[in-house]
Amino acid sequence: MSNITYLEAIREAQAHALRDDPRVFIYGQDVGAFGGAFKATKNLAKEFPGRVMDSPISEDAMVGMAVGAAIEGMRPIIEMQFADFSTVGFNQIVNQAATLFWRTNVSCPITVRLPFGGTSGGGPFHSQCLEAIYAHYPGLIVLTPATVEDAYSMLLEAVAIDDPVVFCEHKFLYYHLKADKLPSEALPIGKARIAREGRDLTIVTYSAMVHEALAAAVELSADGWEVEIVDLRSIKPLDTDTVMASVARTGKLLCVGEAWPWGGVTAEIIARVSCEGYGLLDAAPQRLNAKDTPVPYHPNLWAAHRPTARSIAAAARNLLNQ
Amino acid sequence: MSNITYLEAIREAQAHALRDDPRVFIYGQDVGAFGGAFKATKNLAKEFPGRVMDSPISEDAMVGMAVGAAIEGMRPIIEMQFADFSTVGFNQIVNQAATLFWRTNVSCPITVRLPFGGTSGGGPFHSQCLEAIYAHYPGLIVLTPATVEDAYSMLLEAVAIDDPVVFCEHKFLYYHLKADKLPSEALPIGKARIAREGRDLTIVTYSAMVHEALAAAVELSADGWEVEIVDLRSIKPLDTDTVMASVARTGKLLCVGEAWPWGGVTAEIIARVSCEGYGLLDAAPQRLNAKDTPVPYHPNLWAAHRPTARSIAAAARNLLNQ
Amino acid sequence: MFQTAPEISLGEAVSDSHLAAYRFMLRARLLDDKFAALYRAGKIHGGVFLGRGQEALSASLGLALNKTDVFAPLIRDAAGRLAFGESILDAVRTYMGSSLGPMRGRDGNVHRGRPKDGYLPMISHLGAMISVVNGILIARRFKKITGTVGAACLGDGATSTGAFHEAMNQAAVEKLPLVMVVADNQYAYSTPTASQFACADLADKGIGYGIATHSVDATDLTACLKIVGGAVTQARNGGGPQLIIAKLLRLCGHGEHDDAHYIVPELKNSTLGRDCLKVAEETILRQNWVDAAQLAVWRSNIIQEIEEAVAQVQREPAPDPFTEEWRAIASEHLSETHNA
Amino acid sequence: MFQTAPEISLGEAVSDSHLAAYRFMLRARLLDDKFAALYRAGKIHGGVFLGRGQEALSASLGLALNKTDVFAPLIRDAAGRLAFGESILDAVRTYMGSSLGPMRGRDGNVHRGRPKDGYLPMISHLGAMISVVNGILIARRFKKITGTVGAACLGDGATSTGAFHEAMNQAAVEKLPLVMVVADNQYAYSTPTASQFACADLADKGIGYGIATHSVDATDLTACLKIVGGAVTQARNGGGPQLIIAKLLRLCGHGEHDDAHYIVPELKNSTLGRDCLKVAEETILRQNWVDAAQLAVWRSNIIQEIEEAVAQVQREPAPDPFTEEWRAIASEHLSETHNA
Ligand SMILES: Cc1ncc(C[n+]2csc(CCOP(=O)(O)OP(=O)(O)O)c2C)c(N)n1
Ligand SMILES: Cc1ncc(C[n+]2csc(CCOP(=O)(O)OP(=O)(O)O)c2C)c(N)n1
Ligand SMILES: [Mg+2]
Ligand SMILES: [Mg+2]
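Chains as they are written, first to last, in my numbering: chain A, 1 to 322; chain B, 1001 to 1322; chain C, 2001 to 2340; chain D, 3001 to 3340.
Next up, the structure:
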């Protein structure tokens, strides 16, 4: 296989998991013969008969079912058709799955796949970034792969982890990103990745925004600025050490997220660095998030709603010139 | 009326709203003849026949119904029996109510009352603090009154506001707090309150933790430390100005919240102060939250799970001695 | 189980409503066709969702409602929307994201409405609009407004949502004039009804809510007019909530991105697979209510109207992010002022 | 609608199961009484919830289940829990928050279970456990384990939750051996059934899911044993999901903080208001299966057992926050390490 997309990586990871582990099965709307709304389970129902099951439109019962199956030793993967619809399966994720281990000492190895994030024309209910919502609750692991390689290896690892994982896969990256081959080794979950090295400023970000930040970095390098980019990979747990080490090198911090501004990943990172690495900063940290409105439908509005390479470069320049 | 409790203030505010505004009605489980699980609507069904309605155990439909009624010009108050159960009405709050104005220019004046926060023996599902979850979504106002007076005046204002309000009323304060009389004037929503003046350290907090912080301040004053306490009152919007002005005076910031640690109010406050008031700080800001587990049932565990006067005083001392 | 159309000779009132409904069906079909064409041409962002095969049901509902009623249509209700009073311009503006449309480019495609006109813009979460209709009806009860009804639309798949259940029960307990129209079009996206529910017929759900229930062959406009009209009248006259289960087949993909290869030939070839527009047309011609030439005139007039609307909207300004008011709440004084 | 107990002379097997069930009912009643007393004495934090009046139903269910079955009881199921195999010690330890109990003081009162034994600890959100039972049953199907069933309990009020609806439908679509037991005890907290649902009878809901449905007078142990046992057997033998609607009256407050003044005398004085424990006792004495002296011995033995358990637990260590492992996930290497 060559020219593998982010989406295909997700499919391959699921195929791999199904092949290697008889405890794995997939449950979600239209994931069976149809292969899922985004084709992330294409052909899997045929390849693994009975193990890729269509569900009714019942997000609450989908997640509840997964928890029960996990108690009984299975490793279910639940596909939400869009992350936005997980709000109706919310209770089972945050109160059933997330509390099971702490309450009973019985682990809850389920993976809930959330196709998330903005795309052109997605609008308010097919674009949401809910990673901060899930990360606020104790008991969940929240992952946000930014590359084809991570989409593959982190999903494999998610299924292997003994805890409930909210796997945030970015729809914008589905077709946009390509890799030559799938990795055989990977950074473990919980470790951030230096996506680009630099000495002048640290940009901490994740998921689709990694690529906007990388584009901004290219633009800035034309002016002689060398920006370091930390791809968090995992939102919970957060790899504070890698972030701190980078800030120690650059002295400047810009946090970028596609989610809404109030209290998300960017606030958490800035709080950690400010509280624990206060002396490392040469200037006030900054953050850049989406606007505090629902995600707009029209491409013009959408482009202005979320951070882009351009707005990131502007914010970075602002900081670099301090 | 004298010796009015926080709970009675909430009842009085609702009585007042029902009396003054024919558009107001109350809907929730057992709120009618029974007067609600906590008696926050005691006698209101009798006093206002037909306007205090028992609902089926259907949180989703309860909130959806309120949105419809609001579109038609009413001012519904929805009582969740416990904040924790709002997770099953979640979608209607964050996707229906919160998006209506932005999408359609039609306002959505509903008030969702969430009896929230820990009490002894409450356990994982009757103790949760969900203010950060709601504040992350655009389109909602999130209030957290800490005093009897605020419980009253802010609830009245909540009903009058043209937007969906998530009104977080702390169950621990229901009977513990008393006031001599109800206020006729009040700080408007959106303004924080200096709950205690001081010069050495700013503690920013809200709801029940205001009282823990005040107790800590008393303890610290015995050692000569004068701690300023900012009661946020409103979580969204946040009164950044008042916080910043206080930090400008004291140079030191401790944020305290009863909610879980990842990305809540304390992270947001620290991010704002660090980004916008970086020069004001003489030391790294600090925060103190609940532990990152579900809220435990046993009183011993519960007392260690959330911040208390004692742990706040310890954290404050730590900062003061820097 | 199906209510079949009476094959007796039809009176004048019947021909009137049949023709009126037919014209809305045709408008909807042609409008949908245009959206599909624009989608293929890359002129529409996001998805396009058609009501092909569902026009008889939807138009019958839209026609049965008064302008003071409440209507919460779903993705396949172009016909009902038009019959309820939506302009073609509103529809085109929303699909194209025009800032002059009711959603001002903030929301798009089938997510359109005018709440103050009793016309609710769906959120995507299936089942979520029903309790909102209930709320409007409860508000009207408070305001002592009588004689209005609220209609909510849904698909077979969405009957599996908790939101549907809670709202149905709520309407029943409060005895609201809710007309719940379920288009059982045999599929939810790719999922056949056999994987969606296990009752013999969705109409079996009515008794469990204590709600009057009606079944209708939705390929047959005459039956739709009668059954849907009857249910709306019953609700209007104090009969409490009404559940309509309409049988049909989705004659298109879930959206225009979907070729619907999974729809089995047996269904396509069954009476369910009939095109309600053709059936209605045949009735009209057979009954000689108007002739084929007249139908052709109607069609070409509608096409012209649609083309004009599209041409107009294409000249209209797109939303401008710089003048856009980025504020999600009505209370301006309570908006957050900091930058994040 | 009620299945009435056959007034024919009962065979030996019947007396055996009746007596076995009675003894669990009695244990549950006495255990509940003790919790109520501890609550009044301020020895229990949070709430205490009794199953008074529901013991016949609950014990019948617990007895009908095998130890390899799955059981998701609710707040009023002390009898079923004991019959399914829960020890009095587990119950007492959980209510008292002992660190040696199955919930280790982390969760309390009725929120107890041992998932690995097929005994699920409820979360508070009503309706949420049913799909979890479905999941275990689906897992067993994957593992080719046959002959086990899963039982979930609920109240009349909780039938209004979306979670109940989604899970019922899921069980039906997947044809799972789920036994859904609804205790229609006339109230949800203070809310009477008339404000909760509008169907003539909750049993009317079964057909809408395509699920076999059974009604039973839950004040009558003999009827419960027969109907509940029969439904469990049907599920076990491949009959798919079973819905049991049991009629009774809650003979206590919602919790011990509630005096239940709102329960109307008409219900208290109706046959629904009978105490199933008394009814069962009368049957035993009338049938002469054992005499009153024997009943008294059972009672005093149980009381002693309970008192010993409480005394033991009161000597047991409370959870220690300093040695407590404050970690919500199983993967130790993935816990957050920073301080916040
Ligand atoms: C709660 C929720 N889950 C999933 C979806 C994604 N989704 C959109 S339409 C659809 C299928 C709907 O099928 P049906 O209700 O039968 O309506 P139809 O499309 O056939 O008209 C799905 C699963 C959604 N919109 N809402
Ligand atoms: C989703 C949800 N909403 C509200 C509650 C609060 N609550 C706990 S028990 C109860 C009443 C339950 O009534 P019913 O289902 O009839 O059971 P019963 O208490 O009569 O046995 C309510 C409203 C809850 N636990 N879960
Ligand atoms: Mg359908
Ligand atoms: Mg009940």
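Glycine included, C-beta positions come from ideal geometry on N, C-alpha and C.
Computed from a prediction, not measured in an experiment: that's the story for all the values here.
### Query
Taking just the CA atoms, how far does residue 3195 (chain D) sit from residue 3350 (chain D)?
In the structure displayed, chain D extends from 3001 to 3340; residue 3350 (chain D) sits before or after that span and is not available.
### Task
Round the Cβ separation of residue 1268 (chain B) and residue 1238 (chain B) to the nearest angstrom and send it over; I've been treating them as touching at under 8 angstroms.
Your numbering for residue 1268 (chain B) matches position 268 in the second sequence. Your numbering for residue 1238 (chain B) matches position 238 in the second sequence. Correct: roughly 7 angstroms between the Cβ atoms.
### Task
With 8 angstroms as the limit, tell me which residues of the segment 67-101 of chain A have their beta carbon closer than that to any beta carbon of chain B; keep them in chain order.
84, 87, 88, 90, 91, 94, 95, 98 and 99
### Message
8 angstroms is my cut-off, CB to CB: does residue 3191 (chain D) come that close to chain B?
### Response
Here the question's residue 3191 (chain D) lines up with position 191 in the fourth sequence. Cβ-Cβ to chain B under 8 angstroms: yes for residue 3191 (chain D).
### Reference residue 2094 (chain C); option with closest CA among C:2085, C:2108 and C:2086
The residue labelled residue 2094 (chain C) in the question sits at position 94 within the third sequence. For the residues C:2085, C:2108 and C:2086, the minimum Cα distance to residue 2094 (chain C) belongs to C:2108.
### Query
Would you say residue 2156 (chain C) touches ligand 3, meaning its beta carbon is less than 7 angstroms from a heavy atom?
As a working mapping, residue 2156 (chain C) is identified with position 156 in the third sequence. For ligand 3, at least one heavy atom lies less than 7 angstroms from the Cβ of residue 2156 (chain C).
### Message
Let me check you understand the geometry: is the CB of residue 2250 (chain C) closer than 7 angstroms to at least one non-hydrogen atom of ligand 3?
### Response
As a first step, residue 2250 (chain C) is located in the third sequence; it is residue number 250 there, counting from the start. Yes, the Cβ of residue 2250 (chain C) comes within 7 angstroms of a heavy atom of ligand 3.
#### Entry: Minimum Cβ-Cβ distance from residue 3067 (chain D) to chain C less than 8 angstroms
Position 67 of the fourth sequence holds residue 3067 (chain D). Chain C contact via Cβ: absent.
### Query
Between the segment 2287-2296 of chain C and the segment 2268-2276 of chain C, do three or more beta carbon pairs fall short of 8 angstroms?
no
### Query
Do residue 2188 (chain C) and ligand 3 come close, with the Cβ less than 7 angstroms from some heavy atom?
Mapped onto the third sequence, residue 2188 (chain C) falls at position 188. Flag set: Cβ of residue 2188 (chain C) near ligand 3.
### Task
Measuring only between beta-carbons, confirm whether residue 327 (chain A) sits less than 8 angstroms from chain B.
The shown model of chain A, from 1 to 322, leaves out residue 327 (chain A), and the question about it has no answer.
#### Entry: N-terminal and C-terminal residue of the beta strand (DSSP E) that residue 3247 (chain D) is part of
On the fourth sequence, position 247 is the one that residue 3247 (chain D) refers to. Where residue 3247 (chain D) is concerned, the enclosing beta strand (DSSP E) stretches over 3242-3247.
### Query
Is the beta carbon of residue 256 (chain A) less than 8 angstroms from the beta carbon of residue 288 (chain A)?
Within the first sequence, residue 256 (chain A) is the residue found at index 256, counting from 1. Within the first sequence, residue 288 (chain A) is the residue found at index 288, counting from 1. Yes, the Cβ-Cβ distance between residue 256 (chain A) and residue 288 (chain A) is below 8 angstroms.
### Message
Please confirm whether residue 3173 (chain D) has its beta-carbon closer than 8 angstroms to some beta-carbon of chain C.
### Response
Along the fourth sequence, one-based indexing puts residue 3173 (chain D) at 173. Interface residue, yes.
### Task
Could you have a look at residue 2326 (chain C) and say whether DSSP puts it in helix, strand or coil?
In the third sequence, the residue the question calls residue 2326 (chain C) occupies position 326. Here residue 2326 (chain C) sits in coil by DSSP.
### Message
Quick check: does the Cβ of residue 3170 (chain D) come within less than 7 angstroms of any heavy atom belonging to ligand 1?
### Response
For the purposes of this step, residue 3170 (chain D) is taken as the residue at position 170 of the fourth sequence. Checking the Cβ of residue 3170 (chain D) against ligand 1 gives no.
### Message
For residue 2216 (chain C) and residue 2275 (chain C), I'd like the C-alpha separation in whole angstroms.
### Response
Locating residue 2216 (chain C) in the third sequence gives position 216, where the first residue counts as 1. Locating residue 2275 (chain C) in the third sequence gives position 275, where the first residue counts as 1. Taking the straight line from one Cα to the other gives about 15 angstroms.
### Message
Starting from residue 1236 (chain B), trace the alpha helix (DSSP H) in both directions and tell me its first and last residue.
### Response
Translated into the one-based positions of the second sequence, residue 1236 (chain B) becomes position 236. Where residue 1236 (chain B) is concerned, there is no enclosing alpha helix (DSSP H), although the beta strand (DSSP E) it sits in stretches over 1234-1236.
### Query
At a CB-CB cut-off below 7 angstroms, which residues of chain A make contact with residue 2107 (chain C)?
In the third sequence, residue 2107 (chain C) corresponds to position 107, counting from 1. Correct list: 123, 124 and 297.
### Message
Taking 8 angstroms as the threshold (C-beta atoms), are residue 302 (chain A) and residue 294 (chain A) in contact?
### Response
Position 294 of the first sequence holds residue 294 (chain A). Position 302 of the first sequence holds residue 302 (chain A). Result no, Cβ atoms of residue 294 (chain A) and residue 302 (chain A) do not sit closer than 8 angstroms.
#### Entry: CA-to-CA distance, residue 3106 (chain D) to residue 2331 (chain C), given in whole angstroms
Residue 2331 (chain C) sits at position 331 when you count from the first residue of the third sequence. Residue 3106 (chain D) sits at position 106 when you count from the first residue of the fourth sequence. For residue 2331 (chain C) and residue 3106 (chain D), the distance between alpha carbons rounds to 42 angstroms.
#### Entry: residue 3124 (chain D): CB within 7 angstroms of a non-hydrogen atom of ligand 2
Indexing the fourth sequence from 1 puts residue 3124 (chain D) at position 124. Checking every heavy atom of ligand 2 against the Cβ of residue 3124 (chain D), one is found closer than 7 angstroms.
### Message
Taking the straight line between their C-alpha atoms, what separation do you get for residue 2111 (chain C) and residue 1035 (chain B)?
### Response
Against the third sequence, residue 2111 (chain C) aligns to sequence position 111. Against the second sequence, residue 1035 (chain B) aligns to sequence position 35. Whole-angstrom Cα-Cα distance: 39 angstroms.
### Query
By Cβ distance below 8 angstroms, which residues in the same chain neighbour residue 2049 (chain C) in space, the five residues on each side in sequence not counted?
Looking up residue 2049 (chain C) in the third sequence gives position 49. Excluding residues within five positions, the ones whose Cβ falls inside 8 angstroms are 2075, 2076, 2109, 2110, 2254, 2255 and 2256.
### Message
What does the alpha-carbon distance come out to for the pair residue 18 (chain A) and residue 159 (chain A)?
### Response
Locating residue 18 (chain A) in the first sequence gives position 18, where the first residue counts as 1. Locating residue 159 (chain A) in the first sequence gives position 159, where the first residue counts as 1. For residue 18 (chain A) and residue 159 (chain A), the distance between alpha carbons rounds to 10 angstroms.
### Task
Residues of the segment 3311-3324 of chain D with a CB closer than 9 angstroms to any CB of chain B: list them in chain order, please.
3318, 3319, 3320, 3321, 3322 and 3324
### Task
With DSSP as the reference, label residue 262 (chain A) as helix, strand or coil.
As a working note, residue 262 (chain A) is residue 262 in the first sequence. Of the three classes helix, strand and coil, the one that applies to residue 262 (chain A) here is coil, per DSSP.
### CA nearest to the CA of residue 1276 (chain B), picked from A:280, A:279, A:286 and A:272
Position 276 of the second sequence, counted from the start, is the residue given in the question as residue 1276 (chain B). Among A:280, A:279, A:286 and A:272, the Cα nearest to that of residue 1276 (chain B) belongs to A:286.
### Task
Check whether the Cβ of residue 1043 (chain B) sits closer than 7 angstroms to any heavy atom of ligand 4, and report yes or no.
Along the second sequence, one-based indexing puts residue 1043 (chain B) at 43. Answer for residue 1043 (chain B): no, Cβ out of range of ligand 4.
### Beta-bridge pairing of residue 1167 (chain B) - partner residues as DSSP gives them
Position 167 of the second sequence holds residue 1167 (chain B). Note: residue 1167 (chain B) sits in a beta bridge opposite B:1113 and B:1143.
### Query
Which of the three DSSP states, helix, strand or coil, is assigned to residue 294 (chain A)?
Counting from 1 along the first sequence, the entry for residue 294 (chain A) is found at position 294. Looking at residue 294 (chain A) - three-state DSSP - the assignment turns out to be coil, as it is neither helix nor strand.
### Query
Anyone know if the C-beta pair for residue 117 (chain A) and residue 79 (chain A) falls short of 8 angstroms?
Taking the first residue of the first sequence as 1, we reach residue 117 (chain A) at position 117. Taking the first residue of the first sequence as 1, we reach residue 79 (chain A) at position 79. No; because the gap between Cβ atoms is not below 8 angstroms, this pair is not in contact.
### Task
Tell me whether residue 1310 (chain B) sits in a helix, a strand or coil according to DSSP, three-state version.
Within the second sequence, numbered from 1, the residue matching residue 1310 (chain B) stands at position 310. Reduced to three states, the DSSP call for residue 1310 (chain B) is helix.
### Query
Cβ-heavy atom distance between residue 2134 (chain C) and ligand 3 below 7 angstroms?
Your numbering for residue 2134 (chain C) matches position 134 in the third sequence. Not so, every heavy atom of ligand 3 lies at least 7 angstroms from the Cβ.
### Message
Please identify, using Cβ separations under 9 angstroms, the residues of the segment 1103-1114 of chain B that lie next to chain A, in order along the chain.
### Response
1103
#### Entry: Short CB-CB distance (under 8 angstroms) between residue 2001 (chain C) and chain B
Residue mapping note: residue 2001 (chain C) aligns to position 1 of the third sequence, counting from 1. In this prediction, residue 2001 (chain C) has a pLDDT of 32, which is less than 50 and means its spatial position is unreliable; what the coordinates show is noted afterwards. No - not a single Cβ of chain B is within 8 angstroms of the one on residue 2001 (chain C).
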